[in-house]
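Protein chains in written order, with full-length UniProt numbering: chain Y, 1 to 352; chain S, 1 to 352. The beta carbon of each residue, even a glycine, is placed where N, CA and C say it ideally should be. One structure is given here, and the rest of the page talks about it.
Protein chains: 2
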Amino acid sequence: MVTIGDIARAAGVSRSTASYALSGKRSISAEVRQRVAEAARELGYTPNAGARALATSETMVIGLLAQFHEDEFAPAMLQYMLGVSDTARELGYDTLLVTEADGARALRRITSSRMVDGVVLLNVAQDDARLPLLRSAPQPGALVGLPGDCSGVDVFDFDFEAAGRLMVDHMHRLQHRKLILVSQPEHVVQRGGAYVWRLQNAVVEQARARGIELHAVFGESRQPEVGRTLHALLDAHPTATGLLLNNEAAAAALPSVLHARGLETPRDLSVIGRYSDEFARTFSLPFTSIESAPDLLGEMAVRQLVRRIVTPQARGDEPHVLRLLTPELVDRGSTGLPPATPSNTCVQGGIQ
Amino acid sequence: MVTIGDIARAAGVSRSTASYALSGKRSISAEVRQRVAEAARELGYTPNAGARALATSETMVIGLLAQFHEDEFAPAMLQYMLGVSDTARELGYDTLLVTEADGARALRRITSSRMVDGVVLLNVAQDDARLPLLRSAPQPGALVGLPGDCSGVDVFDFDFEAAGRLMVDHMHRLQHRKLILVSQPEHVVQRGGAYVWRLQNAVVEQARARGIELHAVFGESRQPEVGRTLHALLDAHPTATGLLLNNEAAAAALPSVLHARGLETPRDLSVIGRYSDEFARTFSLPFTSIESAPDLLGEMAVRQLVRRIVTPQARGDEPHVLRLLTPELVDRGSTGLPPATPSNTCVQGGIQ
DNA sequence: CTGAAAGCGCTTACAG
DNA sequence: CTGAAAGCGCTTACAG
Numbered sequence: 001m002v003t004i005g006d007i008a009r010a011a012g013v014s015r016s017t018a019s020y021a022l023s024g025k026r027s028i029s030a031e032v033r034q035r036v037a038e039a040a041r042e043l044g045y046t047p048n049a050g051a052r053a054l055a056t057s058e059t060m061v062i063g064l065l066a067q068f069h070e071d072e073f074a075p076a077m078l079q080y081m082l083g084v085s086d087t088a089r090e091l092g093y094d095t096l097l098v099t100e101a102d103g104a105r106a107l108r109r110i111t112s113s114r115m116v117d118g119v120v121l122l123n124v125a126q127d128d129a130r131l132p133l134l135r136s137a138p139q140p141g142a143l144v145g146l147p148g149d150c151s152g153v154d155v156f157d158f159d160f161e162a163a164g165r166l167m168v169d170h171m172h173r174l175q176h177r178k179l180i181l182v183s184q185p186e187h188v189v190q191r192g193g194a195y196v197w198r199l200q201n202a203v204v205e206q207a208r209a210r211g212i213e214l215h216a217v218f219g220e221s222r223q224p225e226v227g228r229t230l231h232a233l234l235d236a237h238p239t240a241t242g243l244l245l246n247n248e249a250a251a252a253a254l255p256s257v258l259h260a261r262g263l264e265t266p267r268d269l270s271v272i273g274r275y276s277d278e279f280a281r282t283f284s285l286p287f288t289s290i291e292s293a294p295d296l297l298g299e300m301a302v303r304q305l306v307r308r309i310v311t312p313q314a315r316g317d318e319p320h321v322l323r324l325l326t327p328e329l330v331d332r333g334s335t336g337l338p339p340a341t342p343s344n345t346c347v348q349g350g351i352q
Numbered sequence: 001m002v003t004i005g006d007i008a009r010a011a012g013v014s015r016s017t018a019s020y021a022l023s024g025k026r027s028i029s030a031e032v033r034q035r036v037a038e039a040a041r042e043l044g045y046t047p048n049a050g051a052r053a054l055a056t057s058e059t060m061v062i063g064l065l066a067q068f069h070e071d072e073f074a075p076a077m078l079q080y081m082l083g084v085s086d087t088a089r090e091l092g093y094d095t096l097l098v099t100e101a102d103g104a105r106a107l108r109r110i111t112s113s114r115m116v117d118g119v120v121l122l123n124v125a126q127d128d129a130r131l132p133l134l135r136s137a138p139q140p141g142a143l144v145g146l147p148g149d150c151s152g153v154d155v156f157d158f159d160f161e162a163a164g165r166l167m168v169d170h171m172h173r174l175q176h177r178k179l180i181l182v183s184q185p186e187h188v189v190q191r192g193g194a195y196v197w198r199l200q201n202a203v204v205e206q207a208r209a210r211g212i213e214l215h216a217v218f219g220e221s222r223q224p225e226v227g228r229t230l231h232a233l234l235d236a237h238p239t240a241t242g243l244l245l246n247n248e249a250a251a252a253a254l255p256s257v258l259h260a261r262g263l264e265t266p267r268d269l270s271v272i273g274r275y276s277d278e279f280a281r282t283f284s285l286p287f288t289s290i291e292s293a294p295d296l297l298g299e300m301a302v303r304q305l306v307r308r309i310v311t312p313q314a315r316g317d318e319p320h321v322l323r324l325l326t327p328e329l330v331d332r333g334s335t336g337l338p339p340a341t342p343s344n345t346c347v348q349g350g351i352q
């Protein structure tokens with residue numbers, strides 16, 4: 001391989017001069033700079049990343065710890081990953097993707113071996129096993145997902161509480177008095193997926209404050225189970241006029257369920273989901289929804305992480321960030337006034 | 001940070017002895033090995049990856065070049081990525097994920113700077129701009145996707161021709177005589193997505209050979225456009241009795257379309273898709289399909305890549321591999337004999 | 001069985 | 001403005 005020594009020889013200068021000429025870190029005569037640049041171009045020189053990392057203690061790589069659980073909706077994770085990866089590249093960093101099941105072990109491996117300059121954790125749980133390791137790691141870390149203890153890390157998440165209140169208030173304003181909430185599977189909660197109960201608790205509380213009757217359940221993450229759950233819910237609560245979905249799989253299943261029951265939104269039922277616009281477009285979800293902005297969250301996490309990496313004083317001194325994204329409603333026309341005689345099962349009876 | 005020098009000092013041996021004791025690359029007295037291991041454990045030693053890479057010329061990282069195009073179905077890509085990443089880890093490698101639009105530039109960056117020991121290219125096009133660079137790179141490469149020129153690389157792909165023939169023959173055996181094929185968007189073809197026309201050509205040819213009337217179209221990659229296309233197709237060809245889908249978005253949209261038209265498989269229409277089982281489960285696709293096995297393809301590519309990396313003689317000498325995965329039909333009960341009086345629009349007429 | 005030394009390819013104080 | 005040298009933290013022939 002062609003090294004900086006080859007460049008130096010070809011340009012007739014020392015290796016240090018060649019290095020400085022290339023990096024521009026000290027003033028070099030125009031002529032020498034010229035010769036070095038030409039030599040580098042002709043020989044096709046690229047600095048060896050490992051050698052540079054050893055000399056500078058900077059790898060220009062960030063670690064991306066994704067976690068895929070059987071009972072979570074995998075395609076949603078991809079959007080976070082792309083937000084992270086694209087932003088990292090924009091800022092001059094490459095991305096080491098880690099998908100192994102034992103995230104704590106993986107985190108230890110890549111941080112203690114200095115493979116990365118910093119780390120983004122995705123899908124952070126309430127009591128995430130990766131966090132103690134991250135805090136004691138020499139590199140800074142940014143989280144997507146709100147853990148119970150935010151100390152020592154920068155945290156970015158969607159404001160699920162506000163989203164829950166927004167859902168209820170929107171329905172309340174439209175005079176709905178009986179709602180159903182379908183959350184992610186209960187397993188996700190048990191594993192510490194705080195976002196599930198953060199939204200659910202907010203919905204429960206706000207419904208109580210508004211005098212709204214609410215039926216909250218955990219839905220499955222898979223078809224056709226979640227479709228059956230939706231059918232069962234609509235059967236059990238024929239007078240519910242609004243459906244709130246914090247469950248991508250349920251949102252994807254709902255169009256078929258509504259078709260099968262002969263229901264239309266918002267005529268027979270008002271629906272609000274919570275997912276990304278990208279998700280809505282891919283699966284043609286015609287429901288008003290709260291944008292979860294996964295790419296933006298990934299981007300914000302990386303920008304803050306790189307700030308910490310490049311500014312030494314931001315390392316420990318600067319207070320850590322906790323940023324919750326304010327939810328916004330994307331109106332796709334699936335909410336309206338409740339029907340005069342609410343019954344979301346009548347049509348189904350007619351068909352069968 | 002704690003280095004091998006610290007370990008050596010703590011164990012009272014030389015750095016080389018410490019290194020050998022840890023790697024086991026030469027015989028070390030049991031007692032010294034013990035002391036070194038203990039020192040490493042107590043001090044929490046992990047070798048510096050950059051230093052090791054510099055010394056050994058091995059990074060233990062493979063590059064994963066993904067490509068996301070606006071008109072392709074992103075969630076499908078994730079499964080390839082996970083197949084690659086999980087297998088790499090199993091074999092002791094980490095994965096550098098590259099998602100930037102200019103894949104050729106990215107490939108040059110990570111190979112010429114020696115950030116990776118080898119590279120997996122996803123979504124390879126007929127005349128892929130990344131291939132010339134890969135051939136001249138010092139690291140070996142494995143492709144997922146069949147290019148026009150396979151020289152110098154190991155290639156893994158699904159046998160789309162065989163899949164096309166399988167689809168037609170299956171329908172032919174069931175006595176279907178008029179079929180519709182919905183492929184991926186035409187843009188994908190224009191960009192060199194050979195898999196689209198490989199399947200389509202095979203379907204066209206096999207249909208001709210079997211005396212089957214075939215209508216082949218390119219579908220969109222998005223909802224609701226692709227749903228409208230499906231409706232239009234069924235309107236235009238009311239006597240078609242079988243539908244072949246080489247388009248994930250169309251497959252995801254079809255259940256709603258069938259519902260809307262009051263059609264049932266296989267009673268009114270026989271359907272065969274081509275996607276992964278994972279995809280089918282996530283979106284509850286009740287269609288008989290040809291398994292595209294993205295995770296398996298990713299896995300095979302990595303295994304072969306690592307073979308090339310670790311066995312020097314396999315570097316250039318050993319002939320390159322071209323492996324096309326034989327398609328298999330997963331019967332989900334959506335195909336059967338055609339209806340006596342085929343008309344996939346009658347019910348729609350009745351409803352409207 | 002073990003140690004001293006060279007070398008991987010960079011960067012960057014230190015001198016001039 | 002430029003060069004010689006040290007050093008980053010490893011591994012591995014070379015000697016004993």
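Any C-beta of chain Y under 8 Å from that of residue i
{"i": "residue 284 of chain S", "result": "yes"}
{"i": "residue 114 of chain S", "result": "yes"}
{"i": "residue 396 of chain S", "result": "Outside the shown range of chain S, which is 1 to 352, sits residue 396 of chain S, and nothing can be said about it."}
{"i": "residue 110 of chain S", "result": "yes"}
{"i": "residue 268 of chain S", "result": "no"}
{"i": "residue 94 of chain S", "result": "yes"}
{"i": "residue 132 of chain S", "result": "no"}
{"i": "residue 75 of chain S", "result": "yes"}
{"i": "residue 255 of chain S", "result": "yes"}
Cβ-Cβ distance between residue i and residue j below 8 Å
{"i": "residue 353 of chain Y", "j": "residue 76 of chain Y", "result": "What is shown of chain Y runs 1 to 352, which leaves residue 353 of chain Y out entirely."}
{"i": "residue 99 of chain S", "j": "residue 86 of chain Y", "result": "yes"}
{"i": "residue 322 of chain S", "j": "residue 155 of chain S", "result": "yes"}
{"i": "residue 277 of chain Y", "j": "residue 330 of chain Y", "result": "yes"}
{"i": "residue 266 of chain Y", "j": "residue 311 of chain Y", "result": "no"}
{"i": "residue 116 of chain Y", "j": "residue 297 of chain Y", "result": "no"}
{"i": "residue 4 of chain Y", "j": "residue 140 of chain Y", "result": "no"}
{"i": "residue 168 of chain Y", "j": "residue 210 of chain Y", "result": "yes"}
{"i": "residue 288 of chain S", "j": "residue 332 of chain S", "result": "yes"}
{"i": "residue 82 of chain Y", "j": "residue 295 of chain Y", "result": "yes"}
{"i": "residue 174 of chain Y", "j": "residue 337 of chain Y", "result": "yes"}
Any chain S beta carbon closer than 8 Å to residue i
{"i": "residue 338 of chain Y", "result": "no"}
{"i": "residue 82 of chain Y", "result": "yes"}
{"i": "residue 104 of chain Y", "result": "no"}
{"i": "residue 247 of chain Y", "result": "no"}
{"i": "residue 259 of chain Y", "result": "yes"}
{"i": "residue 68 of chain Y", "result": "yes"}
{"i": "residue 205 of chain Y", "result": "no"}
{"i": "residue 273 of chain Y", "result": "no"}
{"i": "residue 86 of chain Y", "result": "yes"}
{"i": "residue 281 of chain Y", "result": "yes"}
{"i": "residue 252 of chain Y", "result": "yes"}
{"i": "residue 50 of chain Y", "result": "yes"}
{"i": "residue 334 of chain Y", "result": "no"}
Completely contained beta strand (DSSP E) runs for the region 83-118 of chain Y, where each covers 3 or more residues: 94-98
Residues of the region 216-235 of chain Y whose Cβ lies closer than 7 Å to any Cβ of chain S, in chain order: 222, 223, 224, 227
Three CB pairs or more closer than 8 Å across the region 240-249 of chain Y and the region 164-182 of chain Y: yes
Runs of beta strand (DSSP E) lying entirely within the region 198-271 of chain S, each at least 3 residues, in chain order: 213-218, 242-245
Three-pair Cβ contact test at 8 Å for the region 28-44 of chain Y versus the region 36-56 of chain S: no
At least 3 beta-carbon pairs within less than 8 Å: the region 107-118 of chain Y vs the region 55-74 of chain Y: yes
Short-range partners of chain Y found in the region 168-181 of chain S, where Cβ spacing is below 8 Å: none
Segment contact flag, the region 159-178 of chain Y with the region 190-208 of chain Y, C-beta cutoff 8 Å, min 3 pairs: The region 159-178 of chain Y is in contact with the region 190-208 of chain Y.
Three-pair Cβ contact test at 8 Å for the region 10-19 of chain S versus the region 29-36 of chain S: yes
Ranges of the alpha helix (DSSP H) found wholly within the region 277-315 of chain S, counting only runs of at least 4: 277-282, 294-310
Every unbroken alpha helix (DSSP H) within the region 15-51 of chain S, with a cutoff of 4 residues, ordered by chain: 15-23, 30-43
Alpha helix (DSSP H) runs wholly inside the region 123-174 of chain S, at least 4 long, in chain order: Listed in chain order, the complete alpha helix (DSSP H) runs (minimum 4 residues) inside the region 123-174 of chain S are 130-136, 160-173.
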